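To start, the structure itself, in structure tokens.
2 protein chains.
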Amino acid sequence: MSTPELSYGADERPAVADAGLLEGGIRSAGLKVTAPRLAVLRALAERSHATADALFGAVREELPGTSLQAVYGVLASFTTAGIVRKIEPAGSPALFERRVGDNHHHIVCTRCGVVHDVDCAVGHSPCLTPADALGFDVRAAEVIYWGLCAQCQFETALP
Amino acid sequence: MSTPELSYGADERPAVADAGLLEGGIRSAGLKVTAPRLAVLRALAERSHATADALFGAVREELPGTSLQAVYGVLASFTTAGIVRKIEPAGSPALFERRVGDNHHHIVCTRCGVVHDVDCAVGHSPCLTPADALGFDVRAAEVIYWGLCAQCQFETALP
DNA sequence: CATTTTGTTTTGAGTAATTCAAAACAATTG
DNA sequence: CAATTGTTTTGAATTACTCAAAACAAAATG
Chain R
62 MSTPELSYGA
72 DERPAVADAG
82 LLEGGIRSAG
92 LKVTAPRLAV
102 LRALAERSHA
112 TADALFGAVR
122 EELPGTSLQA
132 VYGVLASFTT
142 AGIVRKIEPA
152 GSPALFERRV
162 GDNHHHIVCT
172 RCGVVHDVDC
182 AVGHSPCLTP
192 ADALGFDVRA
202 AEVIYWGLCA
212 QCQFETALP
Chain S
62 MSTPELSYGA
72 DERPAVADAG
82 LLEGGIRSAG
92 LKVTAPRLAV
102 LRALAERSHA
112 TADALFGAVR
122 EELPGTSLQA
132 VYGVLASFTT
142 AGIVRKIEPA
152 GSPALFERRV
162 GDNHHHIVCT
172 RCGVVHDVDC
182 AVGHSPCLTP
192 ADALGFDVRA
202 AEVIYWGLCA
212 QCQFETALP
């Protein structure tokens, strides 16, 4: 294995997400730019909410030698660095998303598990201040709406 | 309440939570009254938020033969029957609580993990309607506040 | 009160998602 | 380009939980 350039190769730059942008994002988060990191970020660019396992599946198509643990490691570093957000809805493996820094929430279908982003309800910071914070220094409020997506409403209404 | 005694024995009635009340709660949920169920409910009466494992620890002091799987089974039946609520904060095993039916929320310390109940902000049903439900039939909204509890604020402020 | 039915618990095994640790390796720094 | 620092691979372990069959107990029934 003698690849002088970054192992993804300068000439196999993806059409989808620009390598330079991805690279810049990683670098400016203070992280080293590596092939697995680029591959994970690229896979994440194509999915709004993905599990580590789904990303692993996508990544190994592009970079076959990548291990699942590497994907976990990449996601942990991205999450810590703040360029990826991790959500953990009850009953689901963790999901990762690129949309960060805007305090948005999620709506999850209890039947099929599909997840969508929802903006903060009622104008500004709804529920962001609990009735009584009990002395806590509150840093974040996480809201998950649970319900049936349109498709599942339709399917469960069938004879 | 002169209950005919059950397998736990009339003379080992707990001082803490009245056996008759616990029994009535289980029975009126449409479930059979068994010693493991009483023990779990009693353990839960003494803890506002407990993991299955913590309950198992408490239960086996009172009823040593009880298996962990039984505790999971009991909790699943209670949760389904609606007499216990299950919450699953990110990074923690599931927690169970007796307070049900009032749509309250939780505040969790990111440092020590302590959990407290918080009432619904802004009157009733706050945040229960997302900005855009995206066609979902929303059934529940779950809010978790994350922050540092008073004790952890104090401890992290030390030299 | 004995019996049957139904539901629960035990026992034992299995799984999914994630984490840990050491060695090999690759990206950036000097 | 060598040194340093950080990342990934490899392999194993762990946590929290679920599944299934057999044994058992509570409630319903005669």
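Quick note, the sequences are listed as chains R and S, same order. Add 61 to the 1-based position in the first sequence for my numbering, that's all there is to it. Add 61 to the 1-based position in the second sequence for my numbering, that's all there is to it. Built from N, CA and C at the ideal position, the CB exists for glycine as well. Just so it is clear, the structure is predicted and the values come from calculations on it, not from any experiment.
Beta carbon proximity, residue i to chain R, threshold 9 Å
| i | result |
| --- | --- |
| S:GLN130 | no |
| S:ASP114 | no |
| S:GLY208 | yes |
| S:ARG146 | no |
| S:PRO154 | no |
| S:CYS173 | no |
| S:ILE87 | no |
| S:HIS185 | Here S:HIS185 scores only 46 on pLDDT, less than 50, and its place in the model should not be relied on; the value that follows carries that caveat. No, S:HIS185 lies away from the interface with chain R (no Cβ there is under 9 Å from its Cβ). |
| S:GLU203 | yes |
| S:VAL135 | no |
| S:ARG200 | yes |
| S:VAL224 | Residue 224 of chain S lies beyond the residue range present for chain S, which begins at 62 and ends at 220; the question has no answer from this structure. |
Residue i, DSSP secondary structure in three states
| i | result |
| --- | --- |
| R:ILE61 | Since the first residue of chain R shown is 62 and the last is 220, residue 61 of chain R is not available in this structure. |
| S:LEU209 | strand |
| S:ALA201 | strand |
| S:ALA194 | coil |
| S:THR217 | helix |
| S:ALA119 | helix |
Beta-carbon contacts of residue i that lie in its chain and below 6 Å, excluding the five residues immediately before and after
| i | result |
| --- | --- |
| R:ALA131 | PRO97 |
| S:THR140 | LYS147 |
| R:LEU102 | LEU83 |
| R:LEU129 | PHE117 |
Cut-off 8 Å between Cβ atoms - residues of its own chain near residue i, not counting five sequence neighbours on either side
| i | result |
| --- | --- |
| R:SER138 | LEU92 and ARG98 |
| S:ALA211 | none |
Short CB-CB distance (under 9 Å) between residue i and chain S
| i | result |
| --- | --- |
| R:HIS110 | no |
| R:ASP163 | no |
| R:GLU149 | yes |
| R:GLU84 | no |
| R:GLY196 | yes |
| R:ARG160 | no |
| R:ALA192 | yes |
| R:ALA80 | no |
| R:ALA211 | yes |
Assumed close pair residue i, residue j - CB separation to whole angstroms, cut-off 8 Å
| i | j | result |
| --- | --- | --- |
| S:CYS181 | S:HIS167 | Rounded, the Cβ-Cβ distance is 11 Å, inconsistent with contact. |
| S:ALA113 | S:LEU105 | With 8 Å as the limit, S:ALA113 and S:LEU105 do not qualify as a contact, their Cβ atoms being about 11 Å apart. |
| R:GLU122 | S:ALA151 | With a Cβ gap of about 29 Å, R:GLU122 and S:ALA151 do not count as contacting. |
| R:GLY143 | R:ALA218 | Between R:ALA218 and R:GLY143 the Cβ distance is about 42 Å, and since that is not below 8 Å, they are no contact. |
| R:VAL175 | R:ARG159 | 18 Å between Cβ atoms; not a contact. |
| R:GLU203 | S:TRP207 | 7 Å |
| R:ARG172 | R:LEU136 | Actually they are not in contact, since the Cβ atoms of R:ARG172 and R:LEU136 sit about 27 Å apart, beyond 8 Å. |
Spatial neighbours of residue i in its chain, beta-carbon cut-off 7 Å, leaving aside the 5 residues before and after
| i | result |
| --- | --- |
| S:THR127 | PRO97, ALA100, VAL120 and ARG121 |
| S:SER153 | GLY174 |
| S:CYS213 | CYS170, ARG172 and CYS173 |
Residue i Cβ short of 8 Å to the ligand NAD heavy atom set
| i | result |
| --- | --- |
| R:ALA194 | The ligand NAD is not part of this structure, which contains no ligands at all. |
| field | Uninterrupted alpha helix (DSSP H) stretches inside the region 125–182 of chain R (no shorter than 4 residues) | value | 129–142
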